[in-house]
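Visitor:
Numbering (the working numbering), first residue to last: 1211 to 1369.
#1: With H, G and I counted as helix, E and B as strand and the rest as coil, what does DSSP make of residue 1326?
#2: Roughly how many angstroms lie between the CA atoms of residue 1318 and residue 1365, to the nearest whole one?
#3: Are residue 1204 and residue 1302 touching if we call contact CB-CB under 7 Å?
#4: Exposed or buried, what is residue 1275 when buried is set at 16 or more other beta-carbons lying within 10 Å of its beta-carbon?
#5: At the level of alpha carbons, what is the spacing between residue 1264 and residue 1361?
#6: Quick one: Cα of residue 1221 to Cα of residue 1281, how far?
#7: Just the Cα atoms here: how many angstroms apart are residue 1294 and residue 1252?
#8: Just confirm the distance between the C-beta atoms of residue 1306 and residue 1367, as a whole number of angstroms; I'd bet it's less than 8 Å.
#9: Do you know offhand how far residue 1212's Cα is from residue 1289's?
#10: Please state the DSSP three-state secondary structure of residue 1267.
#11: Considering only the beta carbon of each residue, do residue 1328 and residue 1279 sit closer than 7 Å?
#12: Can you tell which of 1336, 1322, 1270, 1268 has the C-alpha that lies nearest to the C-alpha of residue 1350?
#13: Among 1297, 1311, 1260, 1284, whose alpha-carbon lies nearest the alpha-carbon of residue 1363?
#14: Does DSSP put residue 1272 in a helix, in a strand, or in coil?
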């Protein structure tokens, strides 16, 4: 579809708007944007892929990490949070990114009683002034020994 051809007049026309004789301002009668005739490349790179998921999916300068848990799932919350964040570091470094390039993190806790312990480790791990958007929720984990899991979205530096 040629979206550029749809936008014959690229200017935005404004028309007065009134109710019962009162001037309320103007409304736009055309789209305030134009479409390019050139299609953007939509390259998606999947890393560490198996039948169920990919460890990392890269698209348009953004990396999406699969959920990360600690390798040692027998430890307490401190051990699991530390191990989980080490995994995030490894994955981000493998694509030339890092903690300072995180855009968003969603953290899943089996028990919100571990929220303070999580935050103590998190606050020391995240570079000052570089905190991503973050959500932390309580969730029923895939295995009873799992106490915490994280999903991260990060920017990839320009090549």
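Think of the CB as a built atom: it goes at the ideal place given N, C-alpha and C, for glycine as much as any other residue.
Keep in mind the model is a prediction, meaning the values are calculated, not measured.
Guide: Judging by the given coordinates:
#1: In the three-state reduction of the DSSP assignment, residue 1326 falls in the helix class.
#2: Cα to Cα, residue 1318 sits roughly 22 Å from residue 1365.
#3: Only positions 1211 to 1369 of the chain appear in the structure, and residue 1204 is not among them; the question remains open.
#4: With 16 or more other CB atoms across the displayed protein chains lying within 10 angstroms of its CB, residue 1275 is buried.
#5: Rounded to whole angstroms, the separation of the alpha carbons of residue 1361 and residue 1264 is 13 Å.
#6: Since pLDDT at residue 1221 reaches only 41, below the 50 mark, its modelled position is unreliable, and the value read off the structure follows with that caveat. Answer to the nearest angstrom: the Cα atoms are 57 Å apart.
#7: Cα-Cα distance, rounded: 31 Å.
#8: Sure, about 6 Å apart at Cβ, within 8 Å.
#9: Reliability fails at residue 1212, whose pLDDT of 42 lies under 50, so the model's placement of it is uncertain and no value is given.
#10: The DSSP-derived three-state label of residue 1267 is strand.
#11: Inclusion of residue 1328 and residue 1279 in the CB contact set at 7 Å is not warranted, their separation being larger than that value.
#12: Closest by alpha carbon: 1322.
#13: Closest by alpha carbon: 1311.
#14: DSSP places residue 1272 within a strand segment (E or B) once states are collapsed to three.
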